[in-house]
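For the sequence shown, this note's numbering assigns the number 305 to the last residue and increments by one with no breaks.
The structure appears right after this line, and notes come after that.
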Amino acid sequence: MMRSLLLLAAFSGFTAVLFGAMGSHFLFPYMTEKGPALFRTANLYHLVHSLALLGCALLVPLCDKSEQALKYLKLSAGAFLLGLILFSGMIYYVALSPSPLHFLIPLGGLSFMTGWALLAATALSLSRP
């Protein structure tokens, strides 16, 4: 699981940097009026939650001894991934063109919050040293 999460975090981080560069240099002329600000917001959350995925990957060995902690950690990583798609992904899309799917953006934000809450649950489910 650690390898899969590391690959996912690396891919997400790579695409965050790629999208940031494309948004600044190539896609700027194609954006809506509020597009540049929206794109920066999407990119910031994309970068931050790529690091959150990396953190989840690095926590796998710590959680291997606790079935409950590992379960919460997996759910946390899944929530972060869903948030990346629904929040950052949809904001990237809305920055470039009006989207009928913009109602999914708050669900992505809720997914991010759920991911952080599940990460806290992971910590609480670990045994104390």
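We put the CB at the ideal spot given by N, CA and C, even for glycine.
Small disclaimer: the values here were computed from a predicted structure and weren't measured.
For SER287, same chain residues with a beta-carbon under 8 Å away, outside a window of 5 residues either side, are ALA255, PHE256, LEU258, GLY259, LEU262 and PHE263 in chain order. The C-beta distance from LEU295 to SER242 rounds to 14 Å, too long to meet the 8 Å contact threshold. Straight-line spacing of the CA atoms in VAL193 and LEU230 works out to 15 Å.
For GLY284, the closest of PHE190, TYR221 and LEU184 by C-alpha to C-alpha distance is TYR221. Rounded to the nearest whole angstrom, the C-alpha separation of GLY265 and PRO274 is 13 Å. Secondary structure note for SER264: it is in no alpha helix (DSSP H), with a DSSP letter that is neither H nor E. A Cβ-Cβ separation of about 6 Å places VAL270 in contact with LEU214 under the 8 Å criterion. Spatial neighbours of THR290 in its own chain (CB-CB distance under 6 Å, excluding positions within 5 residues in sequence) are listed in chain order as ALA255.
The criterion of a C-beta distance shorter than 8 Å is satisfied by THR217 and ILE267. Nearest to LEU272 by C-alpha distance, out of PHE204, LEU235 and SER226, is PHE204.
It is roughly 14 Å from the alpha-carbon of PHE202 to the alpha-carbon of THR208.
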